[in-house]
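*Asks:*
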Amino acid sequence: MRKILAATALAGSIALTGLAVAPAAQAATAQSTATSISSWGKYYSGNHKAFTYGRTWKQHGKVYTHWYGKEFTPKKGYVWFKYYSGGSWHKFVQGWDGSYQATWSKFGIQKLYTYTCWGGPTTYCGPTHRIY
1356 MRKILAATAL AGSIALTGLA VAPAAQAATA QSTATSISSW GKYYSGNHKA
1406 FTYGRTWKQH GKVYTHWYGK EFTPKKGYVW FKYYSGGSWH KFVQGWDGSY
1456 QATWSKFGIQ KLYTYTCWGG PTTYCGPTHR IY
């Protein structure tokens, strides 16, 4: 009886170990080929009249950002992206009226920040958030 219990316990532990190792091996191979997508937002302007949100991911050395902007007034909303690439900082702004969405990408981005403004490119700006 003891031999049967010992054999059963040994077989169970081998099966359990095999099951535990298999998902880890699958995750390691899947992670190396897939990209990780990071969602961000809602990030509001200083007066909460505009906001942005989106997703950022890296694929084949290029960082992509797909973002959405919303504002419900006669004035425009603005999203700023500030990124570190090639040893220096760069910025660009995109304005929109109503609802808007866009995707942009760039090679070599090491850090990426965003913030949202309303009424003008530099007015009523909200806090800066790191998104990559």
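In terms of my numbering, the sequence shown opens at residue 1356 and continues consecutively.
The beta-carbon is built from N, C-alpha and C at its ideal position, and this holds for glycine as well.
If I measure Cβ to Cβ from GLY1432 and keep anything under 6 angstroms in the same chain, skipping five residues before and after, which residues do I get?
*Replies:* ALA1405, GLY1424, GLU1426, TRP1451, TRP1473, listed in sequence order.
*Asks:* Here's the rule I'm using: 16 or more other beta-carbon atoms within 10 Å means buried, otherwise exposed. How should TRP1435 be labelled?
*Replies:* TRP1435 is buried by the Cβ-count criterion.
*Asks:* Measure the alpha-carbon distance for THR1420 versus GLN1414 and round it to whole angstroms.
*Replies:* So the alpha carbons of these two residues sit roughly 11 angstroms apart.
*Asks:* Are the beta-carbon atoms belonging to GLY1481 and TYR1398 less than 9 angstroms from one another?
*Replies:* The answer is yes: Cβ separation under 9 angstroms.
*Asks:* What residues in its chain sit with their C-beta under 6 angstroms from that of VAL1448, if we drop five residues either side in the sequence?
*Replies:* Contacts found: TYR1433, TRP1435, PRO1476.
*Asks:* Going by the C-beta, is THR1458 closer than 8 angstroms to any heavy atom of the ligand NAD?
*Replies:* Judged by which ligands are present, the structure shown has none, so any question about the ligand NAD falls away.
*Asks:* What is the DSSP secondary structure of ARG1485, reduced to helix, strand or coil?
*Replies:* ARG1485: strand per DSSP, three-state reduction.
*Asks:* Which whole runs of the beta strand (DSSP E) in the segment 1384 to 1471 are 3 residues long or more, in chain order?
*Replies:* Counting whole runs of 3 or more residues, the segment 1384 to 1471 contains the beta strand (DSSP E) stretches 1392 to 1399, 1405 to 1414, 1417 to 1426, 1432 to 1440, 1443 to 1451, 1454 to 1462.
*Asks:* Can you check which of these residues, ARG1410, TYR1479, SER1393, HIS1484, is closest to ALA1457 by C-alpha distance?
*Replies:* ALA1457 has its Cα closest to that of ARG1410, out of ARG1410, TYR1479, SER1393, HIS1484.
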